[in-house]
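*Asks:* Sharing a structure here in structure tokens format.
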Amino acid sequence: MPTSIRTLISEGLRVGVIMAAGDAICQTFVEKRELKNLDVNRMLKFGAVGVVYVGPVLKGWYGTLDKIVPKGSPPLKRALKKMALDQTCFAPSFIASLIGIFGLINGESIPIIQDRFRNDYFTILSRNYMLWPAAQVINFSVVPLNYQVLYAQFISLIWNIYLSMKLNDEKK
């Protein structure tokens, strides 16, 4: 198996485990479920999205950012450019895609997903802007490219708890 395929699979698996952990933490500490009452199916779905979608997409995006932002810039300036692209070009569409994906895997109808988008998108995006710009400047300025997805996923553990809470809210 080519190294690039192995890397993509390993990134996806790491992201999947961290996303599943975020959902488990959300169920345990936010929703106050006992371990025996965890919705394992929900946790596995959350993790599966990490394996097949989030991990590969982030790996590709970080590689693209590394190619399109000139390497000759001072490190902080380069990191700020990457963060600006990440937060203006990538984050808005990525969050929208996650709302749709989680709606579909949870069996929601298109009108329900549209309502969820109308009700939750700007809230999730604004919360994104409270966490990710600073985290990404650190990521892009000091973390080597090979570890940027991993770093982002450790920050994502906190983010995934929030996302799980918003994307699995059954009151919609």
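If you count by the numbering used here, then the sequence shown holds residues 910 to 1081, one letter each, in order. From the three backbone atoms N, C-alpha and C, an ideal C-beta is built for every residue, glycine too.
(1) Could you have a look at Gly981 and say whether DSSP puts it in helix, strand or coil?
(2) Could you check the C-alpha separation between Pro979 and Lys990 for me, to the nearest Å?
(3) Does DSSP put Lys1081 in a helix, in a strand, or in coil?
(4) Between Met910 and Asp932, which are expected to be in contact by the criterion C-beta below 8 Å, what is the C-beta distance as a whole number of angstroms?
(5) Thinking C-alpha only, which one of Lys954, Lys1075, Pro983, Leu1059 is nearest Ile1033?
(6) Using CA atoms only, rank isn't needed, just tell me which of Ile1067, Val966, Val958 is closest to Ser1000.
(7) Helix, strand or coil, according to DSSP, for Met910 in the structure here?
(8) What residue range does the alpha helix (DSSP H) around Arg942 cover?
(9) Starting from Gly956, trace the alpha helix (DSSP H) both ways and give me its first and last residue.
*Replies:* Straight from the coordinates:
(1) Reduced to three states, the DSSP call for Gly981 is coil.
(2) 9 Å
(3) Because Lys1081 carries a pLDDT of 46, less than 50, the predicted location of this residue cannot be relied on, and the following value inherits that uncertainty. Lys1081: coil per DSSP, three-state reduction.
(4) With 8 Å as the limit, Met910 and Asp932 do not qualify as a contact, their Cβ atoms being about 29 Å apart.
(5) Taking only the C-alpha atoms, the option nearest Ile1033 is Lys1075.
(6) Reading off the sequence, residue 1000 comes out as Ala, not Ser. When each option's Cα is compared against that of Ala1000, the closest is Val966.
(7) Secondary structure of Met910 (DSSP, three-state): coil.
(8) Where Arg942 is concerned, there is no enclosing alpha helix (DSSP H), given that its DSSP letter is neither H nor E.
(9) 949 to 958
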